[in-house]
Every structure is written in structure tokens, then in C-alpha cells.
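Residue 19 in UniProt numbering sits at position 19 of the sequence shown; the count goes up by one each step and never skips.
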Amino acid sequence: MTIGCPECGALEDIPPLTRRMMARCRVCHFPLERRSGRSIGAALACSLTTFVLLFPANLAPLMSVHLLNGERTSVLGSGIVQMWGSGYPILAALLGTFGIVLPFFRFGGLTLALGAVLLGWRFKGLGPLYRWTLSLDLWAMPDVFLVGCFIGYSRVTQNLTGTVGPGGYCFVVAALMSMLTRATLDSRTVWRALEPEHWPHKGEPALSCTACDLISPMELEGYPCPRCGLTLRTRKKDAVIRAAALSLAALPLTVPANLYPMTISTEMGQDISARIIDGVGDLFKVGLWPLGVLIFCTSIVIPVAKIVGMAWFITSVLRRSRRHLRVKAHLYRWIDELGRWSNVDVFTIAAFVPLISFGNMASARPAPGATAFALVVFFTMLASRAFDPRLMWDVHTRKRRANEPRRSPPASLPTPPGTLP
């Protein structure tokens, strides 16, 4: 079974794998397929559970806090609604889309697609539907929202008495099941059930789909992929230009994101502003240093690393650099996968702002730094998605072809049982 590596573009023959085996690309070491812990049935069960629990998680009370004789109760979208009413529509729209809207589309569509595959039900649009559910995995963030809620709840309960409501417990389970869905999903088996991989014309010009990795003749460039419906391209169109523009858009926003306050709290009539670094310091002061380290990494280290990394990738493509290709490939994978977790800080604000609403005695509201930070995360995520990592390996391919004849690629070696990915 021959597929195209989505990271370097090399054609790879994957032998049949057992449950405890994994295949990596022989060129860039990208994990092409793994079977350990993967099951379509298990992924369907986790996805369906997540989709069902999202309803009570969004509708039932999430958390409650008590101050003197007052009580404040929130639902999952309370903070987002409050942000919109406070004059921060961009921040509210981003968090509402990532934390509430897209999870319904992601897990509802995935449940339908996996159920159709297991039942042998094929309908027009099943391939594109499954492709869209996979692409939404990066943008649907119930797991990130859960961490933000946990940190927000920890902050609030340092000084106030708090309780978790039925919606909170449903949301905890839904977010955990969403992570289990990702861990158990056997995408390669699903794609093969839709259309098997076959490439009998080895040695002829070919291109691979960037969504499902199906190999197709070069003559199909510009046409929809036969399996998933994505328009086939040898490389993403204007990948370097779009990635550079989005990275440059994020760069100046890092200044207000770090220098301007993220929240403004009112305590006994006095306003107290808090930046990202102030929030990290407060967590360390109250003994929550693991959460402080988490916020420091997700809110400061990762956004800066994403911009610096994208600059390195773009410069390497423009200079046609052959150095450190595997290092850059691993860094790109890290940036693309972990970039979404930078939203923990703004989700934390959405979690605790509606709970601290006791007038001049104690209240909290978002500040301009939160919008700037959310836009930094959004633009850097778009930049990594717009970039085509195969461009970095094009120089490697040309060098190989210049020095040796083109041969059919050998089979990828599976990882022995017990070896870590």
C-alpha cells in the first residue's frame, strides 16, 4: 500500500501492520501509521459520547461561587456572552467558535462518518465529510477549554467557596472523551474503507493528496481527490507567501498581548489589572506552580516559538537550505500540534470572569491584552496550516535525484513492539 508522506512528500510502501506496530517515513521519520490502541469502534463510541455530553455541558450549570449571601452560577458560554457585552466581540467570537460551536460540528460529523463506515453505508460526500471532521480536530477545543476552566476554578476558589455543577461534570467527561477519540481514531483504516490505496504505476509522475495521502497520477492535478474531494496540488498554493503574511500579522500583536492587561479585577472598589506574567506569578504565589508553569509555556513560550519557527521554515525554503531538515520537520510538527494549547489563558478568562460578578465588592472583566493574545494564537495557527512542509524537502529530493537514479521506495520499517513513537 503506497501513500505519500504528508510532511516530506516521499512515496512510501506500508506493509500490513499488527496491533503493536507503527510505520514511519524513511526520509523524515513522520509517523505514517500506527495500530496500537486504534479502533474505529472505540473511536465511534468516544465520539458519540462526546457529542451527546456536549448538550448538557453547554446547558446545565457549570460552576457556582458564594460570597457572603450572594451566589453566582455560570454555564459554559456565560463568559463568552459577557465578553461580547463588554465590548470584546472578536475575543468572544473566537472563543465561542473554538470552544462551543466547532466541537458540535467536529464530533457530530465524525460520529456520522465513523458510523457509516462501520455499517457499510456509503453515500456521496462521505469522504469530504470525514476530511472536514479531521481538519476541525485542530480548531475544536473542548480539551483546551477544560484546562482553562480548571485553572479559572482554581483561581476563584482561592478566596471564594465554589462548587462544580452538573454541566461541569458533563463537560469534564466530554473533554476527556474528545481526547480519547483522537487517541483511538484509526484514520488510515477509515480512508482505506472508503477507497483502498493502490499505485501500480511506480516510476510515473505522481502527486499525493495532503488530506488523505492518496497517490494519484500527475494528470489529476487541479481536480478533486477521488477519495476525499480535496483539490489535488503538487504543493499548497502560495504557501510561503500566506504563511509569511500571517506570521507578520501575529508579530506586532505580541507586544500588546504581553504588555497590556489580560483582565481587570475590581476589589472593594479598586481596579487591579493583570498581564500574562502577573497571572503566572499569582499562581506561583498561591502554590499552584504546576499551573503557573503550564500557563508560562502555553502563553509565552509557545507563541514566541511558533513565530520564530515559522520564520526559520520560510527562510529555509527561500534559501533552499538542506541543513537540519529533520529537526525543522519535527519542530514544524510540534508547532502545528501544540499551537492550539496557547488558548488556555483566554479560556481561563472565559471561565472565571462570569463567576466574579459581585459589583464593586468583587468583579472581573476582560482587557485589551486578551484580544491581542487570542489573535496572535489565531494567526500563528493559520500560518502553520497555510505552510507546506514538503517545500523544505524539495531541495533534498532534487539532491537525491541528482546523485542517484530514482528507484521504487522501500517499505517503511515498522517500529518493534514496545518502542515509543
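Positions of the beta carbon are idealized from the N, C-alpha and C atoms, including for glycine.
Here the alpha carbons of A175 and L146 stand approximately 7 Å from one another. For G79, the uninterrupted alpha helix (DSSP H) run begins and ends at 78–85, by DSSP. Here the C-alpha atom of T50 lies approximately 9 Å from the C-alpha atom of T181.
A straight-line Cα-Cα distance of about 18 Å links A211 and K124. Note on geometry: alpha-carbon atoms of V286 and Q158 lie some 8 Å from one another. About 6 Å separates the beta carbons of F352 and R155, which is inside the 8 Å limit, making them a contact pair. When C-beta atoms of the stretch 161–177 are compared with those of the stretch 59–66, three or more pairs fall below 8 Å, so the two segments count as touching. Within a 10 Å sphere around the beta-carbon of L194 sit 16 or more other beta-carbons, which makes this residue buried. The C-beta of A183 has fewer than 16 other C-beta atoms within 10 Å across all chains shown, which makes the residue exposed. The criterion of a C-beta distance shorter than 8 Å is satisfied by V346 and A374. From the listed residues A244, D213, S247, the smallest Cα separation to T234 is found for D213. At the C-beta level, A367 and T263 come within 8 Å of one another. Counting every other CB atom within 10 Å of its CB across the protein chains shown gives E204 a total below 16, marking it as exposed. Taking 4 residues as the minimum length, the alpha helix (DSSP H) runs contained wholly in the stretch 353–390 are 368–386, in order along the chain. The C-alpha of A245 is placed about 27 Å away from the C-alpha of G87.
DSSP, reduced to helix, strand and coil, places P128 within a helical segment of the structure shown. As computed with DSSP, L67 is found in a beta bridge with G70. Cβ-Cβ separation between G167 and L62: approximately 5 Å, consistent with a contact (criterion under 8 Å). When the Cα atoms are used, G369 and R131 turn out to be separated by approximately 35 Å.
In the DSSP assignment, G96 falls within the alpha helix (DSSP H) that extends over 89–96. Scanning its chain for C-beta atoms nearer than 6 Å, with the 5 sequence neighbours on each side dropped, one finds around K236 the residues D388, in chain order. Among the bridge pairs identified by DSSP, G4 is matched with L11. One Cα belongs to D143, the other to M21, and the distance between them is close to 28 Å. Around the beta carbon of W393, 16 or more other beta carbons sit within 10 angstroms, so the residue counts as buried. Straight-line measurement puts the Cα of A60 at about 10 Å from the Cα of F171. The residue from S316, W139, E221 with its alpha-carbon nearest to that of W341 is W139. Judged by DSSP secondary structure, V164 falls within the beta strand (DSSP E) whose first and last residues are 161–164. Annotation: L138 is outside any beta strand (DSSP E) and is labelled neither H nor E by DSSP. Exclusion of the five residues before and after F296 leaves V280 as the residues of its chain whose Cβ lies within less than 6 Å of its Cβ. Assigned with DSSP and collapsed to three states, E221 falls in coil, not helix or strand. In the displayed model, M22 falls within a strand according to three-state DSSP. Collapsing the DSSP output to three states places S342 in a helix.
Boundaries for T263: no alpha helix (DSSP H) harbours it, while the beta strand (DSSP E) harbouring it runs 263–267, taken from the DSSP string.
Taken through DSSP and simplified to helix, strand or coil, R122 comes out as coil. In the assembly as shown, G9 is a buried residue. Its beta-carbon has 16 or more other beta-carbons within 10 Å.
Cα atoms of T2 and L11: separation of roughly 7 Å, rounded to the nearest angstrom.
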